[in-house]
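Down below is the structure, laid out as structure tokens.
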Amino acid sequence: MNTIWRRLKYYGIGFGLGLIFLIFFFQNRGCTWLPSNRVKNTILDRVIVVSEKTKQDMEGLNLSSEDIIQVLNDGDVEFKKSDKNSDDKVYLIEKEGRSYLFTLPKESYIAELFIGKDAFNVKTSEVGRGKIIHLPNDENMVYPDSTRYVTCQQEELGLTDPKAIYKLIKETGEIDFGKTNLSVKPKPEHYMYFVKEGDTIGFEAIWYKNKINITAFDLPFENPCKQ
């Protein structure tokens, strides 16, 4: 019996030391059950966008899109400085003395970045356009409606493969804040653009089962498709 208890004691000590080592040395490397990493992963699972003003702020501070992703890897989530209780949640992440804020509108697939702001006085933009600086690495993320109307539009655009749409969004995508309505229930309505062979193509979309569900395109030519 003494041998069993001794083994359990050593096991408990080893497990405890391992847990401490895991938390303090690898807290930003995959421990998704930690509250801070759950927040970071939620942001990274969304389409991160920046307004023209934030884009200028980034350029002035010599920050790249890769630097922002590094903030989400290494920064500290300041829960007390974050607005966690509204529908348009805002989380403040600090790194090297600088504050980065990410909005997380309810039931939306976007997160908007702000730099050096107060989380309780920030909300997702409602005018202008936003540039995509991060799209989750999931080429199956885009899912156009299977209705006859949307299928017809895809055929007219020569974009029957959703993976091709994903690639164009990743390379050239922007969001139109003015045409996006995040207050619609049950699902916010997003309006975005991408460029194909010089043509700007708009589309409406909602967030459904972790997919960007495209509900309609705006064709850059006369629309022959019938609803």
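Numbered by the working numbering, the letters in the sequence shown go through residues 287 to 513 in order.
Note that the Cβ used here is the ideal one computed from N, Cα and C, for glycine as well.
Computed from a predicted model, the values in this text were never measured in an experiment.
For the alpha helix (DSSP H) holding Asp357, just list the boundary residues, first then last. Note that residue 357 is Val in the sequence shown here, rather than Asp. Here the alpha helix (DSSP H) through Val357 covers 351–360.
Going by alpha carbons, who is nearest to Phe517 out of Tyr477, Trp493, Asn496, Ser351? Absent from the model: residue 517. The displayed extent of the chain is 287 to 513, so no value can be given.
The alpha helix (DSSP H) that contains Tyr452, what's its start and end? 448–458
Supposed close pair Phe480, Leu454 - CB separation, criterion 8 Å: 4 Å
Coil, strand or helix - Gly488 by DSSP: strand
Give me the Cα-Cα distance between Val428 and Trp319, rounded to the nearest whole angstrom. 27 Å
Same chain, Cβ closer than 6 Å to His420, neighbours up to 5 away in sequence not counted: Ile334
Using three-state DSSP, classify Asn323 as helix, strand or coil. helix
Mapping DSSP to helix, strand and coil, what is Gly346? helix
Rounded to whole angstroms, what is the Cα-Cα separation between Glu393 and Thr410? 13 Å
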